[in-house]
Amino acid sequence: MPNASSVRSPAPTALPHLPRSVPLRIGLGLLLVLLLAYPWIAPGGYLRYAGVLVVMYAVLSTSWSMVGGFTGYVSLGHAAFFGLGAYATGIGVVTLGLPHAAAFVLGVLVVAVFAAVAGLAAVRARGASFVIVTIAMVTMLSLLAQDMTWLTGGSAGLQVPGAVAGISRTGNHALFFYLFTVLLLFALLTWWFIDRSRYGAGLKAIREDEEKAEALGVPTTAYKVAALTVSAAFTGAAGGLYAMWFGNLDPIFVFSLVLGSSMVLMALLGGSRYLLGPTLGAFVVAPANEYFLTQHGESQLHIILSGALLFVVVLFMPEGVIPAVQRALRRFRPQSASIREQTQQELHESRGAAT
Amino acid sequence: MPSLSLLAQGLALGVLTGGVYALLASGLTLYFGVMRVVMVAHPAFLFLAAYITYFLHAVTGMDPLLTAVITVPLFFLLGVGIQRVLVARIPQESLAMMSVLLTFSLALLIEGGLGYVATGSYRSITVDYATTSLHLFGVAFPYDRLIGFGLAAATFIAIFAVLRLTRLGKALRATIQHPDAARLVGIDTAKVTGIGFGIGLATAALGGAVLSIIDPFFPAAHWDYIGKLMAIIVVGGLGSVRGAAIAALILGTIEAVVQVSGGATEAGLMFYAFLFATLLLRPQGFFGGRLAERF
């Protein structure tokens, strides 16, 4: 199928965005083994806790890139889906008395429905209004969570009992490390399927030129709402796991624009158009964040640092480190075999150079 | 049900607060108009201005409102600089989205910087002429809010007059309507865009001076304003200065009335209720021109 936005190599073995070289595959396999072995390498409470956080952020940034990477619509409000998933799961356990698994499913469903409805409002108007709606979602839900004390516990927080009775703290960390890892693999698989599908091609067409995509017959509104819903469902699932793992929900933390912006930062830093880009970003930013917290504590420097990092990424490498590294590697190769993705701007430039 | 006099009081306060919102929203509208940039850092700059006002007042004993003579030109130049040096670097294709992230990072830098220099505690300036109220028909109009409203109205009229009556205003409006066509008829759109940005940021400087006398402030408070101001400019119609002003007055009034009859949370939620209703019923905004339909 011809694709509006990308030129692919004719070689049938070429899987988009998956490394084809053998050493890279072996390397990725080793990384996966290392990831699965992490709780045994790091038996200590804090290191395991930090490990869970890092994988959680990887899920969040991968989910974010299902909208931000494919359609180019930047959402600053994914914290709304995270928080809603966390609270719905927590309320399911605490107030409704559901088993943890059922509460988790309920949480994901609530988030998906919410995202579909909010998405309809958000994509009615294009571009800027979308960002505004995502910001509004977070501040709105934050207000509600703080106000509805009878349901959410207000600013004192909602205490969610653990999933397994009598499990040790470090055992709980290990359990949720694996649960988050499964969720991450599932999210990556979904990302990969979307990327290869006709649907994914439609989303990328929206990113490159929404008017032309619509003129070519892409049902843009339905596609965008669906992308937002899938992305939100994964974000909400991460929120649900967080609620059961962390056990205490603070409306200020879960519904914060800063949390949403860190998902964006991680995805962009790694490369939101690449399968493993957001994960890479999370594996760099989240440990750095934790290290800084343990060294300097919660301080204003922390905010300054996040701001500075976002500033640098947006201005100097909005495509992320993966294409930057690829470009550097390509210099050492005799000939690059395929051009996978070309942005509109690159296309303009190359055409400008040709004429 | 609150008493009638309480409602009247809420109404009065609401209109006065709405005036200040209008001043702030006019800046946001200008950025969006000239560059299609959603300036998330506008409230952060507002608080930066409030802190500069605070320290100028504390060190030199200057009247907080008089400090605008320093902060307004400073912020104008800063705005021109931000547009020319930072925003203009972002490629056109991704401008709408990446500019939000860029300004978000500026907001974080300002918040963190303010917290680092001035700590996170509350500050406020008390000036003796602003502590009392004007009583009319049994309703109290606090002088600080009256002054804020007056300044906001004056600034607003000035911006409107510049846009409507001057050559620069014509160039600005042309750039807002159609940058390419404006360039074709000989307008230096890069320069005009910078000036538009500068004027936008200058409203934050003035707003900061007003804010410093009407409300206590702390570095993280700018988050509360982001959602409200965004809702106002969408309801008014993105890019319409007049629409933003009308929406600001209406939403400010509704906020205050709901605050006295319902509660603070309900009052805050009003902004989002109107935002979503606008997007579902009339995405181009209720008072906006044709420009808004395209975004």
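One line per chain: the protein sequences are A and B, in this order. Under numbering that gives the first Met the number 0, the first sequence has 332 at position 333, and the numbering climbs by one with no breaks. Under numbering that gives the first Met the number 0, the second sequence has 15 at position 16, and the numbering climbs by one with no breaks. The beta-carbon is built from N, C-alpha and C at its ideal position, and this holds for glycine as well. If you're wondering where the values come from, they're calculated on a predicted model, not measured in any experiment.
Taking the CB atoms as reference points, tell me whether residue i and residue j lie closer together than 8 angstroms.
| i | j | result |
| --- | --- | --- |
| residue 79 (chain A) | residue 245 (chain A) | no |
| residue 138 (chain A) | residue 121 (chain A) | no |
| residue 79 (chain B) | residue 261 (chain B) | no |
| residue 275 (chain B) | residue 242 (chain B) | no |
| residue 164 (chain A) | residue 99 (chain A) | no |
| residue 209 (chain B) | residue 159 (chain B) | no |
| residue 148 (chain B) | residue 13 (chain B) | no |
| residue 216 (chain A) | residue 85 (chain A) | no |
| residue 306 (chain A) | residue 107 (chain B) | yes |
| residue 359 (chain A) | residue 196 (chain A) | Chain A is shown from 0 up to 354; residue 359 (chain A) falls before or after that span and cannot be answered. |
| residue 107 (chain A) | residue 83 (chain A) | no |
| residue 27 (chain B) | residue 228 (chain B) | yes |
| residue 33 (chain A) | residue 180 (chain A) | no |
| residue 42 (chain B) | residue 221 (chain B) | yes |
| residue 233 (chain B) | residue 277 (chain B) | yes |
| residue 23 (chain B) | residue 45 (chain B) | yes |
| residue 256 (chain B) | residue 10 (chain B) | yes |
| residue 38 (chain A) | residue 28 (chain A) | no |
| residue 291 (chain A) | residue 274 (chain A) | no |
| residue 284 (chain A) | residue 261 (chain A) | yes |
| residue 236 (chain B) | residue 199 (chain B) | no |
| residue 61 (chain A) | residue 149 (chain A) | no |
| residue 174 (chain B) | residue 33 (chain B) | yes |
For the ligand NAD, any of its heavy atoms closer than 7 angstroms to the Cβ of residue i?
| i | result |
| --- | --- |
| residue 76 (chain B) | Annotation note on the ligand NAD: not contained in the displayed structure, which lists no ligands. |
Measure from the alpha carbon of residue i to the alpha carbon of each residue in the options, then state which is nearest.
| i | options | result |
| --- | --- | --- |
| residue 246 (chain B) | B:100, B:202, B:231, B:10 | B:231 |
| residue 104 (chain B) | A:53, A:27, A:160, A:301 | A:301 |
| residue 67 (chain B) | B:206, B:275, B:265 | B:206 |
| residue 146 (chain B) | B:162, B:126, B:136, B:164 | B:126 |
| residue 100 (chain B) | A:92, A:176, A:72 | A:72 |
| residue 77 (chain A) | A:86, A:66, A:70, A:87 | A:66 |
| residue 157 (chain A) | A:200, A:90, A:108 | A:90 |
| residue 29 (chain B) | B:8, B:53, B:75 | B:75 |
| residue 81 (chain B) | B:17, B:271, B:193 | B:193 |
| residue 322 (chain A) | A:235, A:229, A:129, A:276 | A:276 |
| residue 280 (chain A) | A:208, A:266, A:274, A:292 | A:266 |
| residue 53 (chain A) | A:289, A:125, A:260 | A:289 |
| residue 145 (chain A) | A:95, A:249, A:170, A:208 | A:249 |
| residue 131 (chain B) | B:144, B:151, B:122 | B:144 |
| residue 257 (chain A) | A:219, A:308, A:212, A:242 | A:308 |
| residue 259 (chain A) | A:293, A:182, A:59 | A:59 |
| residue 252 (chain A) | A:140, A:187, A:101, A:61 | A:140 |
| residue 211 (chain B) | B:6, B:97, B:8, B:55 | B:55 |
| residue 119 (chain A) | A:247, A:222, A:208 | A:222 |
How would you call residue i, buried or exposed, if buried means at least 16 neighbouring beta carbons within 10 angstroms?
| i | result |
| --- | --- |
| residue 155 (chain B) | buried |
| residue 172 (chain A) | buried |
| residue 244 (chain B) | buried |
| residue 202 (chain B) | buried |
| residue 329 (chain A) | exposed |
| residue 26 (chain A) | exposed |
| residue 297 (chain A) | exposed |
| residue 47 (chain A) | buried |
| residue 166 (chain A) | exposed |
| residue 228 (chain A) | buried |
| residue 210 (chain A) | exposed |
| residue 326 (chain A) | exposed |
| residue 121 (chain B) | exposed |
| residue 206 (chain A) | buried |
| residue 258 (chain B) | buried |
| residue 11 (chain A) | Confidence is the limiting factor: at residue 11 (chain A) the pLDDT is only 43, short of 50, which leaves the residue's position unreliable and the question unanswerable from this model. |
Name, in chain order, the residues that DSSP records as bridge partners for residue i.
| i | result |
| --- | --- |
| residue 218 (chain A) | Residue 218 (chain A) is not bridged to any residue. |
| residue 132 (chain B) | B:141 |
| residue 122 (chain B) | B:216 |
| residue 158 (chain A) | A:247 |
Between the segment 53 to 75 of chain A and chain B, which residues of the former have CB atoms less than 9 angstroms from a CB of the latter, in chain order?
-> 67, 71, 72, 73, 75
Looking at chain B, which residues of the segment 83 to 105 of chain A have a Cβ within less than 8 angstroms of any of its Cβ atoms?
-> none
Using a Cβ-Cβ cut-off of less than 7 angstroms, give me the residues of the segment 264 to 288 of chain B that come near chain A, in sequence order.
-> 264, 267, 268, 271, 274, 275, 278, 279, 282
The segment 92 to 110 of chain B: positions lying closer than 9 angstroms to chain A by Cβ = 92, 93, 95, 96, 97, 98, 99, 100, 101, 103, 104, 105, 106, 107, 108, 109, 110
Name, going along the chain, the residues of the segment 229 to 240 of chain B whose beta-carbon falls closer than 9 angstroms to a beta-carbon of chain A.
-> 229, 230, 232, 233, 237
Return the residues of the segment 316 to 329 of chain A that lie within a Cβ-Cβ distance of less than 8 angstroms from chain B, sorted by chain order.
-> 317
Could you name the residues of the segment 68 to 92 of chain B whose beta carbon sits closer than 9 angstroms to any beta carbon of chain A, in the order they occur along the chain?
-> 85, 88, 89, 90, 91, 92
Near-chain A residues of the segment 9 to 36 of chain B - C-beta to any C-beta below 9 angstroms = 31, 35, 36
Determine which residues of the segment 211 to 230 of chain B have a Cβ less than 7 angstroms from any Cβ of chain A, and write them out in chain order.
-> 222, 225, 226, 229, 230
Of the residues that make up the segment 293 to 313 of chain A, which ones have a beta carbon closer than 9 angstroms to any beta carbon in chain B?
-> 298, 299, 300, 301, 302, 303, 304, 305, 306, 307, 308, 309, 310, 311, 312, 313
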